[in-house]
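Residue numbering for the sequence shown follows the numbering used here, beginning at -17 and increasing consecutively.
For glycine and all other residues, C-beta sits at the position ideal for the given N, C-alpha and C.
Since this is a predicted model, take the numbers as computed values, not measurements.
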Amino acid sequence: MPSEDRHETLRNESPFGFCLNTATIREQHLGIVDEIKLVAEIGYGGIEPWVRELDAYEQAGGRLSDLRQRIEDLGLHVPGAIAFFAWADADADKRRGELEKARREMAKVAAIGGKTIAAPPFGDCAGRTLDELAECYRDLLAVGREMGVTPAVEVWGHAKVLSRLCDAAYIVTAGNAPDACMVLDIYHLYKGGGGFDGIGLIAGSAIGVFHFNDYPAVPGRAEIADKDRVFPGDGVGPVRQVLTSLQAIGYRGMLSLELFNPEYYRRPAAEVAREGLAKMRAAVAAALHAQQ
-17 MPSEDRHETL RNESPFGFCL NTATIREQHL GIVDEIKLVA EIGYGGIEPW VRELDAYEQA
43 GGRLSDLRQR IEDLGLHVPG AIAFFAWADA DADKRRGELE KARREMAKVA AIGGKTIAAP
103 PFGDCAGRTL DELAECYRDL LAVGREMGVT PAVEVWGHAK VLSRLCDAAY IVTAGNAPDA
163 CMVLDIYHLY KGGGGFDGIG LIAGSAIGVF HFNDYPAVPG RAEIADKDRV FPGDGVGPVR
223 QVLTSLQAIG YRGMLSLELF NPEYYRRPAA EVAREGLAKM RAAVAAALHA QQ
């Protein structure tokens, strides 16, 4: 079955698309070209790369226009990309420079057909108010409109600020901007301690990409770290509740598998990616069945 037909079949079985965030297989060091090929072969509908991979590809002589053509030829989408720029840093001079960095990185994402770019609370954000972050986000959105890529406020559960869904919701609504959106993540929502019920209170259109994963019972919330993330359904997170809420609010975007588990890094990339897709599909099927 051609890859685009497989992707359409997956879409018909699920209200969501399935995407691989390349962090999940980053320590296998495939490179972005082989990652794209692998993602398509296994049957994902999208890929969420890290901008540093695009940098490496260009430094090796590659052209982003060629990369975009590969992605499109394989029927894949790029719902978002991961980058780190201090858009909300307490230092105004640094912030101005970081907005220019964001502009450059957005240009790369746009060049491969990407739609959003993650905007976590990177840099010195401790002690900043949500109103201050909202003002900074308005500036970042303006840059995004120029570049054709929407920055999505990302919740980081371990951060001093913007660690909960309610923080992100305030920031994206305070500016009264219809294109404002956020990146949510099961692990980070747990780590931040804000809970999951709030998902049902926001509009699906306010979510740019949803990072999909699970977490174990041990270590506890205070000690848990990125490396402890596991496949959806292999942990104790409220995966079914989250999926039910996402469907109810009209989210129809991508579920992007984002893991940093060292045990998975020791396995072949194809094996990890294949198991991840199977477990995402199983989780969605179980959630839909539970509603019938």
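- Segment contact: the stretch 38 to 46 against the stretch 72 to 85, fewer than three CB-CB distances shorter than 8 Å; contact not assigned.
- The residue among Asp121, Phe192, His170, Leu183 with its C-alpha nearest the C-alpha of alanine 159 is Asp121.
- Glutamate 30 sits in a strand when the DSSP states are folded into three classes.
- Beta-bridge annotation (DSSP): methionine 236 is paired with Gly(-1).
- One Cα belongs to proline 214, the other to aspartate 196, and the distance between them is close to 5 Å.
- Taken through DSSP and simplified to helix, strand or coil, glutamate 205 comes out as coil.
- Per DSSP, reduced to three states, the secondary structure at alanine 101 is strand.
- By alpha-carbon distance to glycine 219, the top candidate from Val137, Trp32, Phe194, Ala22 is Phe194.
- Remark: C-beta atoms of alanine 150 and valine 131 do not approach each other more closely than 7 Å.
- In the three-state DSSP reduction, threonine 132 falls in the strand class (E or B).
- DSSP, reduced to helix, strand and coil, places histidine 11 outside both helices and strands of the structure shown, so it counts as coil.
- Per DSSP, the unbroken beta strand (DSSP E) holding glycine 190 starts and ends at 189 to 194.
- Taking all protein chains in view, the Cβ of alanine 251 is crowded by 16 or more other Cβ atoms within 10 Å, so the residue is classified as buried.
- For the 7 Å CB-CB criterion, isoleucine 99 and alanine 65 form a contact.
- Glycine 57 and aspartate 167 have their C-alpha atoms spaced approximately 25 Å apart.
- In terms of CA proximity to glutamate 30, Leu237 leads the group Leu237, Val154, Gly176.
- Closest in C-alpha terms to isoleucine 184, from the list Ala230, Gly258, Glu257, comes Ala230.
- Excluding sequence positions up to five before and after isoleucine 206, its CB lies within less than 7 Å of the CB of Lys173, Tyr197, all in the same chain and listed in chain order.
- According to DSSP, residue pairing for methionine 164 in a beta bridge involves Val135, Ile189.
- With respect to asparagine 3, glutamate 240 sits close: the two C-beta atoms are nearer than 7 Å.
- Under the 10 Å beta carbon count, alanine 38 is surrounded by fewer than 16 other beta carbons and is classified as exposed.
- Here DSSP, grouped into helix, strand and coil, assigns alanine 63 to strand.
- When DSSP states are grouped into helix, strand and coil, valine 212 belongs to the strand group.
- As summarised for the stretch 68 to 124, the continuous beta strand (DSSP E) elements at least 3 residues long and confined to that stretch are 98 to 101, given in chain order.
- For the pair proline 103 and alanine 63, the CB atoms are not nearer than the 7 Å cut-off.
- Straight-line measurement puts the Cα of histidine 271 at about 44 Å from the Cα of arginine 86.
- For glutamate 128, the number of other beta carbons within 10 angstroms of its own is below 16, and it is reported as exposed.
- The beta carbons of threonine 6 and tyrosine 246 sit about 7 Å from each other, so the pair counts as a contact at 8 Å.
- Looking at the backbone, the Cα of arginine 211 and that of phenylalanine 242 are separated by about 7 Å.
- Within 10 angstroms of the beta-carbon of serine 145 lie 16 or more other beta-carbons, which makes it buried.
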